[in-house]
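Numbering (the numbering used here), first residue to last: 341 to 775. Beta carbons: idealized from backbone N, C-alpha and C, even for Gly.
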Ligand code: ADP
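Laid out in structure tokens, this is it:
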């Protein structure tokens with residue numbers, strides 16, 4: 341399931357960023373191409389202006405000059421003398437002449453359809469020497485060739501003759517430049533989208549990691565909880581079944597089993613509820629100033645009978661001087677002490693010894709429960725605070741589900757403290773809570 345979510349998130353992240361990037365690229369291309377086009381048209385206009393000025397200073401328009409201008413500026417020149425094509429336009433082979441005639445015709449058509457003749461740039465009035473009457477620049481698409489052209493039309497003449505010069509500049513180069521720019525952007529966009537995809541894959545994977553781990557933990561928790569609940573529930577069911585047919589004097593035993601197993605289920609459900617409250621941050625800690633030594637004494641007294649039942653000696657060590665009050669939840673701290681003392685009694689053989697102690701070091705309270713019981717291997721020490729974890733040698737203990745230490749851990753964490761385990765000096769283990 342997470343694989344699918346991972347893929348979808350990656351596609352979503354990549355898709356959104358790619359769309360934004362493509363829109364930005366298109367905007368940039370639009371602005372850049374419009375600028376290029378504008379500049380090119382302006383340059384063409386300037387050239388027409390310069391040519392007009394040059395023409396004004398010439399008394400004769402020579403073919404050499406026209407050929408030179410065509411070669412220099414990549415322009416096509418058409419000269420019409422009183423409406424008749426100048427000899428210069430007839431110097432090429434027949435095909436080329438036909439092509440030039442067609443182009444001239446098309447530019448003339450475009451001129452008449454686009455330009456209001458009265459709006460053309462008027463430069464001077466007619467005199468007896470050649471002078472420019474007007475020049476106009478515009479753009480058109482040649483219908484026969486499909487190519488765009490800038491066209492400039494210069495009208496000049498004397499009082500008795502009229503000369504028209506049409507100058508065309510193909511936009512093929514500009515279009516080629518734009519095509520190359522588009523291709524470059526397309527390739528850059530593809531590479532960026534690929535990089536984004538790879539980055540999104542790792543980024544969303546990193547984001548999902550804690551969720552996946554949490555999901556795994558939850559599944560494990562549910563599996564372990566179901567496993568733990570199944571045993572007492574099946575005992576209850578079979579005891580109830582037996583109760584139906586058993587003679588009255590044996591029913592008492594079955595009822596006792598049902599009550600005992602029912603209590604186990606209830607305690608397990610209580611533990612699971614505490615942990616789930618801690619996970620969903622509904623774990624309430626009501627802190628108030630408390631005297632820890634009194635709390636320790638109360639726990640000690642509560643566990644003395646249980647320790648005596650197992651012939652274990654339980655002792656308490658408190659500091660001689662009075663300690664400052666500790667800001668903590670007395671109920672929860674008592675719960676931690678019960679878990680540690682209960683474990684110590686469970687995992688210490690007969691005639692063992694358990695010490696409950698309290699001390700203050702560097703403004704911190706240190707509570708320890710030390711036993712000389714079965715001890716905990718280094719491997720198990722890393723895992724005993726995990727939910728439902730029980731070391732191999734303590735699996736036979738029926739009233740232990742492996743949740744006690746995880747609850748103690750959550751309570752200490754909620755107090756901003758720390759719980760740890762170490763080997764006790766005379767064998768056994770030593771649990772220390774610092775807060
Ligand atoms: P449980 O209810 O099984 O005791 P805990 O979470 O309290 O669950 O403890 C987890 C495991 O840690 C126990 O199953 C046991 O193997 C080990 N453990 C805890 N306390 C002690 C101890 N004092 N001595 C030896 N092993 C202990």
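Item, Value
"From 557, 597, 416, 644, residue whose alpha carbon lies closest to that of residue 694", "644"
"Burial state of residue 683 (16 or more Cβ within 10 Å)", "buried"
"Simplified DSSP state of residue 726, which is helix, strand or coil", "coil"
"Between the CA atoms of residue 510 and residue 377 - distance to the nearest angstrom", "12 Å"
"Coarse secondary structure for residue 354, derived from DSSP in three states", "helix"
"Inter-stretch contact (C-beta, 8 Å, three-pair minimum) for the stretch 755-775 and the stretch 699-712", "yes"
"Residue 683: CB within 7 Å of a non-hydrogen atom of ligand 1", "yes"
"Straight-line Cα distance separating residue 524 from residue 338", "This structure does not reach residue 338, given that the chain is present from 341 up to 775, and the question cannot be answered."
"Euclidean distance between Cα positions of residue 404 and residue 534", "57 Å"
"Where the alpha helix (DSSP H) containing residue 556 begins and where it ends", "512-585"
"Residue 346 versus residue 352 - alpha carbon distance", "10 Å"
"Residue 360 classed as buried or exposed, judged by whether at least 16 other C-beta atoms fall within 10 angstroms", "exposed"
"Other residues of its chain near residue 749: CB distance less than 6 Å, five sequence neighbours each side excluded", "725, 759"
"Contact test: residue 741 Cβ vs ligand 1 heavy atom, cutoff 7 Å", "yes"
"Cα-Cα separation, residue 669 to residue 623", "12 Å"
"Any non-hydrogen atom of ligand 1 closer than 7 Å to residue 713 Cβ", "yes"
"Contact the stretch 416-424 vs the stretch 475-484: 3+ CB pairs below 8 Å", "no"
"Presumed contact (8 Å Cβ cut-off) between residue 605 and residue 577, rounded CB distance", "Contact flag wrong, Cβ pair sits at about 12 Å."
"Segment limits, beta strand (DSSP E) that includes residue 656", "653-657"
"Three CB pairs or more closer than 8 Å across the stretch 554-565 and the stretch 369-376", "no"
"Supposed contact pair residue 698 and residue 659 - C-beta distance, whole angstroms, cut 8 Å", "7 Å"
"Per-residue burial, residue 354 [other beta carbons within 10 Å of its own, 16 or more giving buried]", "buried"
"Closest Cα partner of residue 663 within the set 681, 680, 636, 647", "636"
"Cβ neighbour criterion (16 or more within 10 Å) applied to residue 383", "exposed"
"Delimiting residues of the beta strand (DSSP E) encompassing residue 591", "It is not in any beta strand (DSSP E) - residue 591 instead sits in the alpha helix (DSSP H) that spans 588-619."
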